[in-house]
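Asks:
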Amino acid sequence: MKILTFAASNSTKSINKALLQYAASLLKNHEVEMLDINDFSLPIYSADLEEAQGVPEAAFDFLSRIKQADALLIAYAEHNGNYTAAYKNLFDWASRADMAVYAEKPIVMLSTSPGKNGANTVLAMAKNTAHFFKGQVLASLAIPSFYETFDQTSMTINDEEWRAKLIEVLEAFDAS
Ligand SMILES: Cc1cc2nc3c(=O)[nH]c(=O)nc-3n(C[C@H](O)[C@H](O)[C@H](O)COP(=O)(O)O)c2cc1C
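Structure follows, in structure tokens:
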């Protein structure tokens, strides 16, 4: 199975990206391709801009990368209980080209943050709204207290319980 993975963050030091890199190393039975949302440069969404110029090519490119995959592994960064502005903007533009942004793909959704909730608010929102965008959520996991749970030197989860939970949600790809 070809799994496309990306962090819904534009930070070059994204902890969600670090988590995904570790998660990708666990997916030995699958081909994993990493996408960086910074590669899709877009102006802030505006109805006026859309009317004047249409949906920019970058939004179509993002949709096309999703369509080419068999499944998605996404890790959501949380800003004020919501998507990061960068991901929301990309998602908004993409949805104007095609509401079925997630293109019927099976998805495992993750999130992490330095806090105790592990960005669970944005994760819950992504999960609860995925069906509007034709996403099939297989499993989800919010990993709390990133800097205590994740070893930045070995780039692995050092907490056994959370490592086991991550492995369990990733197994959803094998069953799909
Ligand atoms: C504007 C802003 C708002 C934030 N709001 C939240 C929040 O609501 N919940 C949370 O757990 N962390 C919040 N954080 C901390 C982020 O979880 C932290 O910056 C994290 O590194 C973001 O993920 P990323 O590194 O993958 O981009 C916020 C950070 C910023 C800059």
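With the working numbering applied, the sequence shown has no gaps in its numbers, which climb one by one up to 1657 at the end.
Ideal Cβ placement from N, Cα and C applies to all residues, glycine included.
A quick note: this is a predicted structure, and the numbers were derived from the prediction, not measured.
(1) Considering F1487, what are the terminal residues of the alpha helix (DSSP H) in which it resides?
(2) Using a C-beta cutoff of 8 Å, does V1603 count as contacting chain B?
(3) What three-state label does DSSP hand Y1526 in the structure shown?
(4) D1628: buried (16+ other C-beta within 10 angstroms of its C-beta) or exposed?
(5) For N1639, write down the residues that DSSP places opposite it in a beta bridge.
(6) One question on the structure: do S1635 and A1558 come within less than 8 Å of each other, judged by their Cβ atoms?
(7) Do the CB positions of I1518 and Y1583 come within less than 8 Å of each other?
(8) When burial is assigned at 16 or more other CB atoms within 10 Å of the CB, is P1524 buried or exposed?
(9) How should P1587 be labelled, buried or exposed, when 16 other C-beta atoms within 10 angstroms of its C-beta is the threshold for buried?
(10) With C-beta atoms as the reference, is T1486 less than 8 Å away from L1544?
(11) Check for me: the alpha helix (DSSP H) holding E1538 runs from which residue to which?
(12) Determine contact between the segment 1538 to 1552 and the segment 1496 to 1510, defined as no fewer than three beta-carbon pairs at a distance below 8 Å.
(13) Kindly examine ligand 1 and report whether one of its heavy atoms sits closer than 7 Å to the Cβ of K1615.
(14) Cα separation between G1599 and A1605?
(15) Report back the beta-carbon spacing between F1654 and I1484 to the nearest angstrom; my notes put them in contact at under 8 Å.
(16) Can the beta-carbon of T1593 be found less than 8 Å from the beta-carbon of N1497?
Replies: According to the data block:
(1) No alpha helix (DSSP H) contains F1487, which is instead part of the beta strand (DSSP E) from K1483 to A1489.
(2) The structure shown contains no chain B; it holds only a single protein chain.
(3) coil
(4) Position check: residue 1628 holds Tyr in this sequence, whereas Asp was assumed. It is exposed - the Cβ of Y1628 has fewer than 16 other Cβ atoms within 10 Å.
(5) Partner(s): none; N1639 has no beta bridge.
(6) No, these two residues do not count as a Cβ contact at 8 Å.
(7) Taking 8 Å as the Cβ cut-off, I1518 and Y1583 do not qualify as a contacting pair.
(8) exposed
(9) buried
(10) no
(11) E1538 to Q1549
(12) no
(13) no
(14) Between G1599 and A1605, the alpha-carbon positions lie close to 11 Å from each other.
(15) 7 Å
(16) yes
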